[in-house]
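Chains as they are written, first to last, in our numbering: chain A, 727 to 831; chain B, 460 to 924.
First the structure, in the form of structure tokens, and then the observations on it.
The structure is reproduced here in structure tokens:
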């Protein structure tokens with residue numbers, strides 16, 4: 727596998743990095759130089775390695791934290807709530823938004 | 460009970476001492492350039508284990524009241540609205556955070572030459588690099604501005620500069636210290652680390668910042684042992700009797716600089732004299748560590764650094780449309796090495812290459828981790844190796860990216876396996892310090908520090924300063 731100038735332009739677009747054309751040849755050479763050293767990994771037998779072994783080595787805590795206490799009483803800034811969510815007045819429908827946008831245009 | 464001598468030395472070094480040294484070494488064409496921002500009003504607290512003691516913090520740790528730039532143009536002048544847990548814990552212990560230290564941009568580098576704000580010079584030889592990426596923190600300790608400083612590690616960025624500057628540097632177990640407020644480079648490898656003028660001082664710094672933190676989901680709920688007590692050297696003739704030190708043969712290849720190998724063998728002999736059994740062991744996948752690291756770390760970096768788009772942080776380039784604004788901000792904001800790693804990481808994650816590079820690298824990382832586990836399960840308590848294959852090289856001497864990556868050849872494995880590791884001075888070659896590395900099983904910092912302190916004590920008794 728070798729990196730081409732088009733590959734560099736493609737990944738630069740994906741990464742949202744603007745490159746001048748003058749910079750591309752040196753990046754092609756540098757990336758190919760680095761990736762050539764990675765080819766050794768293709769020779770390693772990884773058939774016995776579990777897919778999730780890396781994740782198992784550094785387990786995350788359970789995603790079950792207690793909720794954070796509010797700095798102010800809920801009633802002072804949100805008059806109503808239901809099922810743990812704040813209730814707010816309906817503002818607009820998507821249809822209405824679209825209509826107003828087209829009026830501005 | 461009187462305080463140990465190392466603590467008296469630490470406490471005797473005041474904030475005023477720090478500024479006197481800083482003013483002598485920091486500025487000017489031959490100055491160290493170790494600091495990017497300072498707070499001359501910092502005095503610390505009157506109480507606490509670090510009461511009034513000056514400390515320095517690497518510029519990728521979020522601080523209140525001082526900019527956090529990661530030595531990048533893209534974050535120039537950025538003020539964090541919150542503080543990293545490690546920094547907060549230092550302040551709560553009474554420390555005076557006197558400044559933010561220079562570094563390789565976004566912690567990507569092994570020489571501190573990649574800073575957008577100029578390289579750091581090695582205090583022991585101003586024509587040479589201090590190592591990287593935490594070169595500013597290492598130089599701040601080695602020059603005597605502070606005796607404790609925070610750095611960060613992704614592949615050796617505390618241990619390698621500690622080795623180049625002749626001081627102690629610790630990378631804790633992954634999860635031992637909260638990463639909350641550490642600007643992310645490669646999240647599965649990143650650690651906050653500590654530099655110290657001695658083993659005990661580095662241990663004290665680690666003890667203070669370690670421990671569970673609910674703001675970091677990967678922070679481990681594991682009790683922190685008394686690490687400074689672990690560094691108290693027993694007065695017995697053979698204080699390390701019963702301890703097995705592994706010597707991984709892959710870290711002593713025939714190509715290793717014979718003078719560095721000689722220093723390591725001398726340190727191993729000292730460990731034998733202290734009662735330890737030194738045993739040759741094998742970590743066969745060691746040679747794969749650099750290729751694995753330079754796939755995984757850039758891959759994670761390409762994702763983590765996507766957030767610097769001119770919208771939420773730092774600088775914003777002017778452009779006619781949103782896409783152009785992103786591209787101009789990022790191309791103007793990132794230096795060459797950061798750009799190279801973002802493109803490399805994007806490439807190895809992109810369609811068609813993910814399986815060949817990233818997935819395979821993750822599998823080999825697992826093999827490396829398993830090899831460490833097997834060696835430690837065989838009765839080995841700690842491993843001893845050289846920290847780096849060279850001493851500090853000259854500024855500008857290494858220009859090829861992959862040759863620079865090889866500076867990390869002995870250190871990246873501990874990050875890949877998540878085990879604790881540290882570097883301490885073991886001798887010199889041509890007047891430049893050589894670091895010896897200890898590695899231990901997960902959460903084995905206390906044993907590692909006990910061995911390090913005994914070795915340091917024996918070296919001093921033998922005449923090494």
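Glycine included, every Cβ here is placed at the ideal spot set by N, Cα and C.
These numbers come from a predicted model, not from an experiment.
Judged by DSSP in its simplified three-state form, residue 584 (chain B) adopts strand.
Contact annotation: the stretch 614 to 632 of chain B touches the stretch 863 to 881 of chain B, with at least three C-beta pairs closer than 8 Å.
Contacts with chain A (Cβ-Cβ distance below 8 Å) from the stretch 657 to 676 of chain B involve 673 and 676, listed in chain order. With contacts defined as CB atoms closer than 8 Å, residue 788 (chain B) and residue 769 (chain B) qualify as a contacting pair. Residues of chain A whose Cβ lies closer than 7 Å to the Cβ of residue 801 (chain B) are, in chain order, 741 and 743. Looking at the DSSP output, residue 739 (chain B) sits in a beta bridge with B:706. Residue-level contact by beta carbon holds for residue 751 (chain B) and chain A, with a gap shorter than 8 Å. Closer than 8 Å to the CB of residue 754 (chain B) there is at least one CB belonging to chain A. Under the Cβ criterion of 8 Å, residue 750 (chain A) is not counted among the residues facing chain B. DSSP, reduced to helix, strand and coil, places residue 605 (chain B) outside both helices and strands of the structure shown, so it counts as coil. For the stretch 685 to 709 of chain B, the beta-carbon criterion of a distance under 9 Å to any beta-carbon of chain A is satisfied by none of its residues. Residue-level contact check: residue 768 (chain B) touches chain A, since one or more beta carbons of chain A fall below 8 Å from its beta carbon. Pairing residue 586 (chain B) with residue 826 (chain B) gives a Cβ-Cβ distance that is not under 8 Å. Following the DSSP letters along the chain, one finds residue 894 (chain B) inside the beta strand (DSSP E) bounded by residues 891 to 898. Around the beta carbon of residue 902 (chain B), a 10 Å sphere encloses 16 or more other beta carbons of the protein chains shown; the residue is thus reported as buried.
Less than 8 Å separates the beta-carbon of residue 879 (chain B) from that of residue 631 (chain B).
Taking a contact as a CB-CB distance under 8 Å, the pair residue 620 (chain B) and residue 593 (chain B) counts as one, their CB atoms being some 5 Å apart. Around the beta carbon of residue 580 (chain B), a 10 Å sphere encloses 16 or more other beta carbons of the protein chains shown; the residue is thus reported as buried. Taking the Cα positions, residue 576 (chain B) is about 13 Å away from residue 488 (chain B). If you check the CB distance, residue 883 (chain B) and residue 894 (chain B) come in under 8 Å.
With fewer than 16 other beta carbons inside 10 angstroms of its own, residue 724 (chain B) counts as exposed. Close to chain A, meaning a Cβ-Cβ distance shorter than 7 Å, are the following residues of the stretch 816 to 848 of chain B: 816, 819, 820, 821, 822, 823, 824, 825, 826 and 828.
Listed along chain B, no residue sits closer than 8 Å to residue 754 (chain A) by beta-carbon distance, the nearest being about 10 Å off. Within the stretch 805 to 881 of chain B, the runs of beta strand (DSSP E) that reach at least 3 residues and sit entirely inside it are, in chain order, 841 to 845.
In the three-state reduction of the DSSP assignment, residue 769 (chain A) falls in the helix class, which pools H, G and I. The three-state secondary structure of residue 665 (chain B), taken from DSSP, is helix.
By the neighbour-count definition (other C-beta atoms within 10 Å, threshold 16), residue 560 (chain B) is a buried residue. Here DSSP, grouped into helix, strand and coil, assigns residue 884 (chain B) to strand. With respect to the 8 Å criterion, residue 857 (chain B) and residue 570 (chain B) are classified as neighbours on the basis of their beta carbons.
Taken in chain order, the complete alpha helix (DSSP H) segments of 4 or more residues contained in the stretch 461 to 490 of chain B are 464 to 471 and 474 to 484.
DSSP, reduced to helix, strand and coil, places residue 718 (chain B) within a helical segment of the structure shown.
Residue 611 (chain B) carries a strand assignment under DSSP once its states are collapsed to helix, strand and coil. Residues of chain A with a Cβ closer than 9 Å to the Cβ of residue 860 (chain B) are, in chain order, 756, 759 and 760.
Annotated as distal: residue 544 (chain B) and residue 739 (chain B), with beta-carbon spacing of 8 Å or more.
Excluding sequence positions up to five before and after residue 546 (chain B), its CB lies within less than 6 Å of the CB of 516, 520 and 522, all in the same chain and listed in chain order. For residue 620 (chain B), the enclosing alpha helix (DSSP H) covers residues 618 to 624.
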